[in-house]
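J.:
Residue numbers (our numbering): 1 to 124.
#1: How many Å lie between residue 100 and residue 88 at the Cα?
#2: Helix or strand or just coil, what does DSSP make of residue 62?
#3: Which first and last residues belong to the alpha helix (DSSP H) in which residue 102 is found?
#4: Would you kindly work out how many angstroms separate the C-alpha atoms of residue 120 and residue 80, rounded to a whole number?
#5: Strictly by DSSP, which residues pair up with residue 40?
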């Protein structure tokens, strides 16, 4: 088996795709539409976003609505700079930062938690 896509449920696929496109620089898949949007990079992996009616955002750090998965991104820039950039794009910073000196937990505009970690710290 080869992993070909990771797809997140959300209320607004184009909006969430735009957030991750600005955050990562990945290209918008040409067949993206209001119900499904995808981003593609140099490899074949697609990061997808599908519309779900009645979507309920995960809660972090509580599990009232389980997160089910979270994405982790390594960054080259300083953690504080990356955090500020992502917040300006529409991310939020929830309470409950387990090791804020090593990584940051943020949530995307649909509420999915994701982590950013400095590239050198990711290998430690």
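The beta carbon of each residue, even a glycine, is placed where N, CA and C say it ideally should be. Remember, it's a predicted structure, so these values are computed and weren't measured experimentally.
T.: Short version:
#1: For the purposes of this step, residue 100 is identified with residue 100 of the chain shown, where counting begins at 1. For the purposes of this step, residue 88 is identified with residue 88 of the chain shown, where counting begins at 1. Using only the alpha carbons, I get a separation of about 19 Å.
#2: On the chain shown, residue 62 is found 62 positions in, with the first residue counted as 1. In the structure shown, residue 62 sits in coil (DSSP, three-state: anything other than H, G, I, E or B).
#3: Working through the chain shown from its first residue, we reach residue 102 at position 102. Segment: none, residue 102 is in no alpha helix (DSSP H) and carries neither H nor E.
#4: Here residue 120 corresponds to residue number 120 of the chain shown, with the count starting at 1. Here residue 80 corresponds to residue number 80 of the chain shown, with the count starting at 1. Whole-angstrom Cα-Cα distance: 15 Å.
#5: Reading the chain shown from its first residue, position 40 is the one you call residue 40. Answer by DSSP bridge pairing, in chain order: 27 and 46.
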